[in-house]
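Here the structure is laid out as structure tokens; the discussion comes afterwards.
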Amino acid sequence: MVSPTPLLTLSSLVLVLLLCTAGVNSSSTPPTKIGNGYRLISIEGTPDGGLVGHLVVNQKNNIYGPDIPTLQLSVKHETHDRLRVHITDAEKQRWEVPYNLLPREQPPVLKQAIGRSRKSPITVAETEYSGSELIFSYTTDPFGFAVKRKSNGQTLFNSSSDVSDPFGNLVFKDQYLEISTKLPNDASLYGLGENTQPHGIKLYPNDPYTLYTTDISAINVNTDLYGSHPVYMDP
Ligand SMILES: *[C@@H]1O[C@H](CO)[C@@H](O)[C@H](O)[C@H]1NC(C)=O
């Protein structure tokens, strides 16, 4: 990445990206909200300076398959301008690009005993975890997180939604993942693989963009294994 924008990495590919801009008048109906998000039931610091927490689904449903009931969240300022947010199934190992093929910091190991007996969510409304350039903050119920640039206070990513927003909260299913962020009304976005949709190559609010991937056996050396590299630019 050549842009100065910090890299946010999520544990798995986002399969469907819906671009939503607050307040945009669009003739298309807003996308249906698929779930009610998760709530954060615990969060603590790790010895290496990161955070690890657990999320529990709010009101399961079976749209696009059952929700993963508990998730493990880990957050770490890996360098002064790189923050990593990793969200995965808290109970079962999910496939990830092997760490020996792509060396990177390992997230904390999955803990078996999650404080399920804890009925009330933790009470802190919004808490900040600051690195030298970036500030991570979160809300507990529904869980959402934001990343701000310290130097100018600009919000770079914010997954929380207001009731009036056309997008919902975090959805995490076996074959459907959804996480959204708000963009300014006048944002010009490009990327995610160019396309020939009627609006041209500029990404258009509420248009769905499908990411098709290649999948090549890992037996082949020196080749790309998965062919989807979702990147968008906000110039
Ligand atoms: C994130 O969005 C929510 C909902 O609009 C808002 O209340 C909150 O202040 C935002 N947080 C940041 C850090 O921008």
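Taken in order, the sequence shown gives residues -26 to -1, 1 to 209; the numbers are from mature numbering (1 follows the signal peptide of the UniProt record, and there is no 0). Note that beta-carbon positions come from the ideal geometry of N, C-alpha and C, so glycine has one too.
Asked	Found
By how many angstroms is the C-alpha of T129 removed from the C-alpha of H51?	16 Å
Using DSSP's beta-bridge definition, name the partner residues of I17.	G27
Using only the alpha-carbon positions, how far apart do I193 and T187 sit?	18 Å
Under 8 Å between the Cβ atoms of T44 and V30?	yes
Please classify D189: does DSSP put it in a helix, a strand, or coil?	strand
Do F110 and L57 have their C-beta atoms closer together than 8 Å?	yes
Helix or strand or just coil, what does DSSP make of Y178?	coil
What's the call for Q171, buried or exposed, on a 16-neighbour Cβ count within 10 Å?	exposed
Using a Cβ-based criterion (distance less than 7 Å to any ligand heavy atom), does K122 qualify as near ligand 1?	yes
Alpha carbon to alpha carbon, how far is D139 from H203? Give it in angstroms, no decimals.	27 Å
Please go through the same chain and pick out, in chain order, the residues whose beta-carbon is closer than 7 Å to the beta-carbon of G19, but skip the five residues on each side of it.	L25
For T170, which three-state DSSP category applies?	coil
First and last residue of the beta strand (DSSP E) that includes G118?	117 to 123
Tell me whether T129, by its Cβ, gets closer than 7 Å to a heavy atom of ligand 1.	yes
In whole angstroms, what separates the C-alpha of S16 from that of S134?	18 Å
Classify K176 as buried or exposed, calling it buried when 16 or more other Cβ atoms lie within 10 Å of its own Cβ.	exposed
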